[in-house]
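In what follows, a single structure is set out as structure tokens and then discussed.
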Amino acid sequence: MNSANPTTETTHYDVCIIGGGAAGMMAAGRAVERGLSVCILEKNDQLGKKLLITGGGRCNITNAEYDTHAFLSKLGKTGHFLHSTFAQFDVKSTFAFFESKGLELKIEEFKRAFPADDKSASVLRVLELRLRKVAIRTSAQVTGFIAEKKSAANTDAKSDAKKEREPGTITGARLKNGEVVRASHFILATGGTSHPETGSTGDAYAWLKEIGHTVIIPEPSLVPIAIRDPWVKELQGITLSSAKLTVFQENKKQLTKKGRLLFTHFGISGPTVINMSRDVGELLKWGEVDIEVDLLPDKDYAMLNAMLQELFDKNKNKLFKNCITEIIPGKTASVVTRLAGINPDTAINSITREERLKLVETIKHMKMKVENLLGPDASIVTSGGVACEEVDFKTMRSRLYPNLLFTGDVLNIERPSGGYSLQICWSTGWVAGSAIEVPEVE
Ligand SMILES: Cc1cc2nc3c(=O)[nH]c(=O)nc-3n(C[C@H](O)[C@H](O)[C@H](O)COP(=O)(O)OP(=O)(O)OC[C@H]3O[C@@H](n4cnc5c(N)ncnc54)[C@H](O)[C@@H]3O)c2cc1C
Numbered sequence: 218m219n220s221a222n223p224t225t226e227t228t229h230y231d232v233c234i235i236g237g238g239a240a241g242m243m244a245a246g247r248a249v250e251r252g253l254s255v256c257i258l259e260k261n262d263q264l265g266k267k268l269l270i271t272g273g274g275r276c277n278i279t280n281a282e283y284d285t286h287a288f289l290s291k292l293g294k295t296g297h298f299l300h301s302t303f304a305q306f307d308v309k310s311t312f313a314f315f316e317s318k319g320l321e322l323k324i325e326e327f328k329r330a331f332p333a334d335d336k337s338a339s340v341l342r343v344l345e346l347r348l349r350k351v352a353i354r355t356s357a358q359v360t361g362f363i364a365e366k367k368s369a370a371n372t373d374a375k376s377d378a379k380k381e382r383e384p385g386t387i388t389g390a391r392l393k394n395g396e397v398v399r400a401s402h403f404i405l406a407t408g409g410t411s412h413p414e415t416g417s418t419g420d421a422y423a424w425l426k427e428i429g430h431t432v433i434i435p436e437p438s439l440v441p442i443a444i445r446d447p448w449v450k451e452l453q454g455i456t457l458s459s460a461k462l463t464v465f466q467e468n469k470k471q472l473t474k475k476g477r478l479l480f481t482h483f484g485i486s487g488p489t490v491i492n493m494s495r496d497v498g499e500l501l502k503w504g505e506v507d508i509e510v511d512l513l514p515d516k517d518y519a520m521l522n523a524m525l526q527e528l529f530d531k532n533k534n535k536l537f538k539n540c541i542t543e544i545i546p547g548k549t550a551s552v553v554t555r556l557a558g559i560n561p562d563t564a565i566n567s568i569t570r571e572e573r574l575k576l577v578e579t580i581k582h583m584k585m586k587v588e589n590l591l592g593p594d595a596s597i598v599t600s601g602g603v604a605c606e607e608v609d610f611k612t613m614r615s616r617l618y619p620n621l622l623f624t625g626d627v628l629n630i631e632r633p634s635g636g637y638s639l640q641i642c643w644s645t646g647w648v649a650g651s652a653i654e655v656p657e658v659e
């Protein structure tokens with residue numbers, strides 16, 4: 218999708234949408250089809266980066282719980298806020314919306330709905346097709362709002378307090394390059410803080426606090442990780458000073474970190490693991506997660522193979538178990554030997570080429586399955602964002618700045634896994650795009 222002409226600097230839009238994720242695109246499509254002039258400011262070079270990785274690339278688009286009360290009861294303490302939003306756009310509306318655009322949906326276990334072709338890219342295509350008349354500005358990072366409070370007639374303390382309570386107005390969004398984008402309404406759709414590489418870095422929290430909104434910051438889930446594979450427990454107490462950990466979901470690489478790894482009686486810990494636990498927790502919401510350990514990340518396949526060959530050549534008459542420890546220390550060596558399917562009592566001169574290559578493979582890819590995260594977040598529900606009390610959910614308008622509207626993950630709504638999160642994006646996005654009056658043509 219092309220960026221709009223930079224001369225849009227001078228354009229005044231009816232609606233400026235900040236963030237081109239699921240919620241922002243839904244709101245933009247709805248607003249533009251009602252005849253409003255709309256721009257999207259997106260800091261990535263493309264829209265919907267996070268949407269593409271949802272549901273392991275299959276996009277669990279909603280949860281086919283058609284009873285709104287039952288659906289909202291899954292959203293914990295925050296569910297009740299959304300009744301008036303869902304009265305306008307509920308789960309059935311989501312099915313009708315996507316199916317009317319030619320996207321067939323299917324329902325799987327636990328009422329999780331997916332596009333029939335299992336492709337999140339198909340969902341993105343539907344949303345993007347509605348945006349032909351929207352001025353899309355990618356690589357446009359917003360750094361803050363320009364906000365005004367109504368001026369009071371006099372400035373004594375009493376009137377200052379009253380002024381604080383009076384609704385304000387957002388008059389502009391400031392971009393990183395210093396430019397200011399003006400609009401009559403601003404829809405904030407900058408998402409939350411999970412998977413920051415997709416652009417959701419919680420930028421808006423600081424601007425919102427600056428203008429007087431309450432933002433709830435979720436406790437970061439920095440915890441050790443429980444592992445299913447019994448071999449991990451055999452290594453309890455062992456620390457590897459420099460291991461590489463790669464996280465996979467449905468065989469797709471999700472993230473990699475290198476550093477200290479500690480094996481414990483329940484699984485893995487240490488700073489590297491703890492720092493990746495939040496992302497692992499996010500992924501667990503959508504399915505199984507595997508972690509692969511590379512025991513010798515500084516040696517590539519060829520180097521490691523050559524190293525083993527040299528070691529074996531020098532120790533032809535030794536037993537494998539007495540030789541491998543020169544490369545892999547003690548207990549870890551016996552686990553690696555077993556996983557590689559090598560008899561530890563084999564004489565080195567009997568080790569075949571295939572066995573050596575299998576050993577290289579094992580050292581580089583020690584696979585383990587994540588059981589769960591340890592700690593209070595084991596239930597894997599995310600929240601955090603703008604306090605619901607400060608939002609009018611009939612319109613998604615801020616109660617403090619009525620020309621500012623909120624959609625999607627930027628709101629502090631508790632979201633379990635199973636398609637709930639995206640449904641909130643569709644409902645809030647649709648309602649925000651519907652709430653802004655179309656200006657009368659003079
Ligand atoms: C791995 C993973 C899998 C998931 N799978 C599912 C699933 O299958 N089903 C489900 O219901 N939910 C799923 N979710 C949750 C779902 O992805 C989110 O609820 C949804 O994407 C939120 O949409 P959003 O539009 O609110 O925010 P985002 O999708 O986060 O979009 C926000 C956009 O705002 C942009 N932005 C941020 N700051 C700025 C700025 N300063 N200036 C300009 N632009 C900015 C970002 O670049 C981003 O494009 C998953 C989440 C993760 C992490």
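For the sequence shown, position 34 matches number 251 in our numbering, and the numbering has no gaps at all.
From the three backbone atoms N, C-alpha and C, an ideal C-beta is built for every residue, glycine too.
Residue environment, Glu499, which counts as buried when at least 16 other CB atoms sit within 10 Å: Taking a 10 Å sphere around the C-beta of Glu499, we find 16 or more other C-beta atoms and assign the residue as buried.
On the three-pair Cβ rule with 8 Å, is the segment 608-619 touching the segment 264-278? No, they do not touch.
Cβ atoms of Ile257 and Gly237: under 7 Å apart, would you say? Taking 7 Å as the Cβ cut-off, Gly237 and Ile257 qualify as a contacting pair.
What do you reckon, are the CB atoms on Ile167 and Phe537 nearer than 7 Å? Residue numbering for the chain in the displayed model covers 218 to 659; residue 167 lies beyond these limits and cannot be assessed.
Tell whether a beta-carbon distance below 7 Å holds between Met444 and Gly484. Per the sequence presented here, residue 444 reads as Ile, with Met not at that position. Taking 7 Å as the Cβ cut-off, Ile444 and Gly484 qualify as a contacting pair.
Out of Tyr283, His300, Glu345, Cys276, state which residue places its alpha-carbon closest to the alpha-carbon of Pro332. Comparing Cα positions, the closest option is Cys276.
Cβ of Cys642 within 6 Å of any heavy atom in ligand 1? Yes, the beta carbon of Cys642 sits closer than 6 Å to at least one heavy atom of ligand 1.
Considering Thr311, what are the terminal residues of the beta strand (DSSP E) in which it resides? If you look at Thr311, you'll find it isn't in any beta strand (DSSP E); it sits in the alpha helix (DSSP H) that goes 308-317.
Kindly examine ligand 1 and report whether one of its heavy atoms sits closer than 6 Å to the Cβ of Gln358. Look at Gln358: its beta carbon is less than 6 Å from one of the heavy atoms in ligand 1.
May I ask whether a heavy atom of ligand 1 can be found less than 6 Å away from the beta carbon of His412? It does: the Cβ of His412 is within 6 Å (strictly closer) of some heavy atom of ligand 1.
With respect to 6 Å, is the separation between the Cβ of Thr407 and the closest non-hydrogen atom of ligand 1 below this value? Using a cutoff of 6 Å, the CB of Thr407 counts as near ligand 1, since one of the ligand's heavy atoms is closer than that.
Report, in whole angstroms, the separation of the C-beta atoms of Arg477 and Thr489, which I expect to be a contact under 8 Å. Rounded, the Cβ-Cβ distance is 6 Å, consistent with contact.
Can you say whether Gln526 is buried or exposed, counting buried as having 16 or more other CB atoms within 10 angstroms of its CB? Exposed, because fewer than 16 other Cβ atoms sit within 10 Å of the Cβ of Gln526.
List in chain order: all unbroken alpha helix (DSSP H) runs of 4+ residues lying wholly within the segment 461-545. Runs found: 488-501, 518-531, 537-540.
Could you round the C-beta distance between Val627 and Ala421 to whole angstroms and report it? I think they count as a contact, below 8 Å. With a Cβ gap of about 6 Å, Val627 and Ala421 count as contacting.
Span separating the alpha-carbon of Asp496 from that of Gly389: Gly389 has its alpha-carbon roughly 33 Å from the corresponding atom of Asp496.
Would Asn522 pass as a contact of Val603 if the rule is Cβ separation under 7 Å? Contact check for Asn522 against Val603 fails: the beta carbons are separated by 7 Å or more.
Using C-beta distances below 7 Å, list every residue in its chain close to Glu316, excluding the 5 sequence neighbours before and after it, in chain order. So the qualifying residues of the chain are Leu322.
Alpha-carbon to alpha-carbon, Lys461 and Val510: Between the alpha carbons of Val510 and Lys461 lies a distance of about 6 Å.
Do Asn280 and Tyr518 have their CB atoms nearer than 7 Å? No, these two residues do not count as a Cβ contact at 7 Å.
Per-residue DSSP class, three states only, for Val603: Strand.
Relative to ligand 2, is the shortest distance from any of its heavy atoms to the C-beta of Leu292 smaller than 6 Å? Of the ligands one can find in the structure shown, namely ligand 1, none is ligand 2.
Among Thr563, Leu556, Ile641, Gly454, the one whose alpha carbon lies nearest that of Phe529: For Phe529, the nearest C-alpha among the options comes from Thr563.
What I want to know is whether the C-beta of Asn394 ends up closer than 6 Å to one or more non-hydrogen atoms of ligand 1. In this structure, ligand 1 has no non-hydrogen atom nearer than 6 Å to the beta-carbon of Asn394.
Counting along the chain, where does the beta strand (DSSP E) carrying Thr386 start and finish? Start and end: 385-392.
Per-residue burial, His297 [other beta carbons within 10 Å of its own, 16 or more giving buried]: With fewer than 16 Cβ atoms within 10 Å of its Cβ, His297 is classed as exposed.
Rounded to the nearest angstrom, what separates Leu292 and Ile630 at their Cα positions? Spanning the two alpha carbons is a distance of roughly 7 Å.
I'd like the span of the beta strand (DSSP E) that includes Lys323, first residue to last. Its beta strand (DSSP E) spans residues 322-324.
Would Ala240 and Gly646 qualify as a contact pair, given that the criterion is a beta-carbon distance under 7 Å? In terms of Cβ geometry, Ala240 and Gly646 form a close pair [threshold 7 Å].
Report the residue from Ala313, Asn539, Ser494, Ser551 whose alpha carbon sits nearest the alpha carbon of Val587. Distances from the CA of Val587 to each of Ala313, Asn539, Ser494, Ser551 were compared; the closest alpha carbon is that of Ser494.
Return the residue from the list Thr410, Phe465, Thr360, Ser290 that minimises the CA-CA distance to Gly504. The closest CA to that of Gly504, considering only Thr410, Phe465, Thr360, Ser290, is found on Phe465.
Mind checking whether Gly419 and Thr431 have CB atoms under 7 Å apart? No, the pair does not count as a contact, with Cβ atoms beyond the cut-off.
State the start and end residues of the unbroken beta strand (DSSP E) segment that holds Tyr637. For Tyr637, there is no enclosing beta strand (DSSP E); the enclosing alpha helix (DSSP H) covers residues 637-652.
Quick check on DSSP: helix, strand or coil for Gly419? Under the three-state reduction of DSSP output, Gly419 falls in the coil class, being neither helix nor strand.
For Glu282, count neighbouring C-beta atoms within 10 Å of its own C-beta (all shown protein chains included) and say buried if the count is 16 or more, exposed if not. The C-beta of Glu282 has 16 or more other C-beta atoms within 10 Å across all chains shown, which makes the residue buried.
How big is the Cα-Cα spacing for Gly385 and Arg329? Looking at the two C-alpha atoms, the distance is approximately 41 Å.
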